[in-house]
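Before any comments, here is the structure.
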Amino acid sequence: MSRETAFYLDSQTPRIISQCEAMREWVQSAQRAGKKIGLVPTMGALHEGHLSLVRAAREECDACVVTIFVNPTQFGPAEDFEKYPRDLQSDLDLLAPYGVEAIFAPSPPEMYPPGFSTYVEVEEISLQWEGASRPTHFRGVATVVLKLFQVAPANVAYFGQKDYQQTLVIRRMVKDLHVPVQIRVCPIVREADGLAMSSRNAYLSHDERQAALQLSRCLKKGEELVGQGIRSSAEVLTHMEQTLIASPLVQVDYVVIADPETLQPVEQIDTRVIALVAARVGKTRLIDNAFLEMPESLPS
Ligand code: PAF
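Note that the numbering used here has the sequence shown beginning at 383, numbered continuously upward.
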């Protein structure tokens, strides 16, 4: 066993691992010692949303691995891969209070060595909404997440509901490819004023930050109307869209009320549906979502 992989759970400092083989040995050695391993895949630029996943992993597992890797294959050619915030030291400082056992921070060539040519395509669920706006995005996500599951074969992996379609793509892939990992999806963490936490919020100017609130306000409007018993998606969506475009800085990509499993639009809201929203605020593309629940007591 290499020096990097010597397994320890008692140290205060997390082990920072950059090699795939060392990471796999570490996880397998911990599992041989009877430990249940929780994995929190991230692209760094950590915020409270990520930390809520770390807290869940710490509570539910014996040891927690956080991965920090800005995955090039999930960014389109005109997207923000180059400028995506990277600050490993600040991420380590944020993780310090949580006693994370290991951090996997590989280089791009470690994850994608020269000649790399295998990708994972999850059909259907990847095609619409985010997939329509970002055609190669979910192929990149599914590929890197499967690679992370291979490299750090944890028992449970934690993802945030903020990337709702991503969670469905990952669940589908895990099922279809018989990956032995349990997927846990944790609730969206919001700023006090409602803005969903996202690493990309750092791009927003003061005015854009204010305008970005229209996304969560639009979802609140949807919750409110469905809570009052309005069943027509078209009617709810009209009000949601009006809320979203109340700021001239917001350019709508999509707003949809959909089936939570298939993401197909629903016309009539009878039970629980998901509302998904994506919009550009200035140059920054933001997404958010919320479940909308028809109160059971209302007659259909
Ligand atoms: O949600 C993210 O931060 C990324 O898509 C993930 C799952 C870490 C894969 O790069």
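Cβ coordinates follow ideal geometry from the N, Cα and C atoms, glycine included.
Can you check the stretch 495 to 545 for any alpha helix (DSSP H) of at least 4 residues that lies completely inside it and give the ranges in chain order?
The stretch 495 to 545 contains these whole alpha helix (DSSP H) runs: 512 to 515, 519 to 533.
Once DSSP output is grouped into helix, strand and coil, what is the label at S384?
Along the sequence shown, read from residue 1 onward, the residue named residue 384 stands at position 2. Because the pLDDT of S384 is 48, which lies under 50, any placement of that residue in the model is unreliable, and the number read from its coordinates should be weighed accordingly. Note: S384 maps to coil in three-state DSSP.
Simplified DSSP assignment, three categories, for D670
The count along the sequence shown starts at 1 and reaches residue 670 at position 288. Correct three-state label for D670: strand.
Just the Cα atoms here: how many angstroms apart are V561 and N453?
Locating residue 561 in the sequence shown gives position 179, counting from the first residue. Locating residue 453 in the sequence shown gives position 71, counting from the first residue. If you draw a straight line from the Cα of V561 to the Cα of N453, it comes to about 20 Å.
With which residues is V663 paired in a DSSP beta bridge?
Position 281 of the sequence shown, counting from 1, holds the residue named residue 663. Answer is V632, T666, bridged to V663.
By Cβ distance, which residues of its chain are closer than 8 Å to A388, with the 5 residues on each side in sequence left out?
Indexing the sequence shown from 1 puts residue 388 at position 6. Model confidence at A388 stands at a pLDDT of 48, short of 50, so the residue's coordinates are unreliable; what they give is reported in the following sentence. In its own chain, leaving out the 5 sequence neighbours on each side, no residue places its CB closer than 8 Å to the CB of A388.
Would you list the residues sitting across from C446 in a DSSP beta bridge?
In the sequence shown, counting from the first residue as 1, residue 446 sits at position 64. Per DSSP, the beta bridge partners of C446 are G420.
Inspect the beta-carbon positions of E430 and V571 and report whether they are closer than 8 Å.
In the sequence shown, counting from the first residue as 1, residue 430 sits at position 48. In the sequence shown, counting from the first residue as 1, residue 571 sits at position 189. Annotated as proximal: E430 and V571, with beta-carbon spacing under 8 Å.
Using a threshold of 7 Å, is the CB atom of V523 nearer than that to any non-hydrogen atom of ligand 1?
The residue you call residue 523 lines up with position 141 of the sequence shown. Yes.
Residues in the same chain with beta-carbon distance under 7 Å from I398, minus the five sequence neighbours each way, listed in chain order, please.
Here residue 398 is taken as the residue at index 16 of the sequence shown, counted from 1. In the same chain as I398, and ignoring 5 residues on each side of it, the C-beta atoms closer than 7 Å to its own belong to I485, A487, in chain order.
Please name the residue in I651, Q646, C443, Q592 whose C-alpha comes closest to that of E573.
Indexing the sequence shown from 1 puts residue 573 at position 191. The shortest Cα separation from E573 among I651, Q646, C443, Q592 belongs to Q592.
Using a threshold of 8 Å, state whether the C-beta atoms of M493 and F457 are closer than that.
Numbered from 1 along the sequence shown, position 111 holds the residue referred to as residue 493. Numbered from 1 along the sequence shown, position 75 holds the residue referred to as residue 457. In this structure, M493 keeps its C-beta atom at 8 Å or more from the C-beta atom of F457.
Rounded to whole angstroms, what's the CA-CA distance from S580 to A660? Just pull it up for me.
The sequence position of residue 580 within the sequence shown is 198, counting from 1. The sequence position of residue 660 within the sequence shown is 278, counting from 1. Distance between the alpha carbons of S580 and A660: 13 Å.
How is V648 classed by DSSP in three states: helix, strand or coil?
Indexing the sequence shown from 1 puts residue 648 at position 266. V648 falls in the coil class under three-state DSSP.
Short check: CB of A415 to CB of Y540, under 8 Å?
Here the question's residue 415 lines up with position 33 in the sequence shown. Here the question's residue 540 lines up with position 158 in the sequence shown. No.
Could you give the first and the last residue of the continuous beta strand (DSSP E) run that contains V567?
Translated into positions along the sequence shown, residue 567 becomes position 185. Run containing V567: 564 to 568, per the beta strand (DSSP E) assignment.
Closest by CA to L668, which one among E606, R582, K602, G604?
As a first step, residue 668 is located in the sequence shown; it is residue number 286 there, counting from the start. Checking every option, the nearest Cα to that of L668 belongs to R582.
Which of the three DSSP states is assigned to C402 in this structure?
Within the sequence shown, residue 402 is the residue found at index 20, counting from 1. Helix at C402.
Hey, quick one: how far does the alpha helix (DSSP H) through A593 stretch, first residue to last?
As a first step, residue 593 is located in the sequence shown; it is residue number 211 there, counting from the start. Segment 588 to 593, the alpha helix (DSSP H) holding A593.
Grab the span of the alpha helix (DSSP H) containing A616 for me, first residue to last.
Here residue 616 corresponds to residue number 234 of the sequence shown, with the count starting at 1. Segment 615 to 626, the alpha helix (DSSP H) holding A616.
Contacts around S393, its chain only, beta-carbon distance under 6 Å, and the 5 residues preceding and following it disregarded
Within the sequence shown, the letter at position 11 stands for residue 393. Low local confidence applies: a pLDDT of 49 at S393 is under 50, so the model's placement there is unreliable, with the coordinate-based value given in what follows. Apart from the 5 residues on each side of it in sequence, S393 has no Cβ closer than 6 Å to any other Cβ in its chain.
Could you give the distance in angstroms between the alpha-carbon of P535 and the alpha-carbon of V563?
Here residue 535 is taken as the residue at index 153 of the sequence shown, counted from 1. Here residue 563 is taken as the residue at index 181 of the sequence shown, counted from 1. Looking at the two C-alpha atoms, the distance is approximately 8 Å.
For P647, I'd like the list of residues in its chain whose CB is within less than 6 Å of its CB, leaving aside the five on either flank, ordered along the chain.
Along the sequence shown, read from residue 1 onward, the residue named residue 647 stands at position 265. These residues qualify, in order along the chain: V638, A640.
According to DSSP, is R582 helix, strand or coil?
In the sequence shown, residue 582 corresponds to position 200, counting from 1. The answer is helix: DSSP assigns R582 an H, G or I state.
Quick check on E675: does DSSP put it in helix, strand or coil?
Reading the sequence shown from its first residue, position 293 is the one you call residue 675. Note: E675 maps to strand in three-state DSSP.
Do the CB positions of Y466 and M425 come within less than 8 Å of each other?
For the purposes of this step, residue 466 is identified with residue 84 of the sequence shown, where counting begins at 1. For the purposes of this step, residue 425 is identified with residue 43 of the sequence shown, where counting begins at 1. Their beta carbons are under 8 Å apart, which means Y466 touches M425 by this criterion.
Could you tell me whether any non-hydrogen atom of ligand 1 is closer than 7 Å to the CB of V663?
Numbered from its first residue, the sequence shown carries residue 663 at position 281. For ligand 1, not one heavy atom lies less than 7 Å from the Cβ of V663.
Among residues of its own chain, excluding the 5 on either side of T625, which ones have a beta-carbon nearer than 7 Å to its beta-carbon?
Sequence index remark: in the sequence shown, residue 625 carries index 243 (1-based). In its chain, beyond the 5 residues on either side, Q596, R599, C600, K603 have a beta carbon closer than 7 Å to the beta carbon of T625.
Starting from S472 and walking both ways along the alpha helix (DSSP H), at which residues does that stretch end?
For the purposes of this step, residue 472 is taken as the residue at position 90 of the sequence shown. Membership of S472 in the alpha helix (DSSP H) is indicated by the continuous run 470 to 477.
If you draw a straight line from the alpha carbon of E675 to that of L619, how long is it in whole angstroms?
Against the sequence shown, residue 675 aligns to sequence position 293. Against the sequence shown, residue 619 aligns to sequence position 237. Each residue's Cα considered, the two are about 15 Å apart.
Excluding five sequence neighbours on each side, which residues of the same chain lie with their C-beta closer than 7 Å to the C-beta of T518?
Start at 1 with the first residue of the sequence shown, and residue 518 comes out as number 136. Within its own chain, the residues whose Cβ lies closer than 7 Å to the Cβ of T518, once the five positions on either side in sequence are excluded, are G458, listed in chain order.
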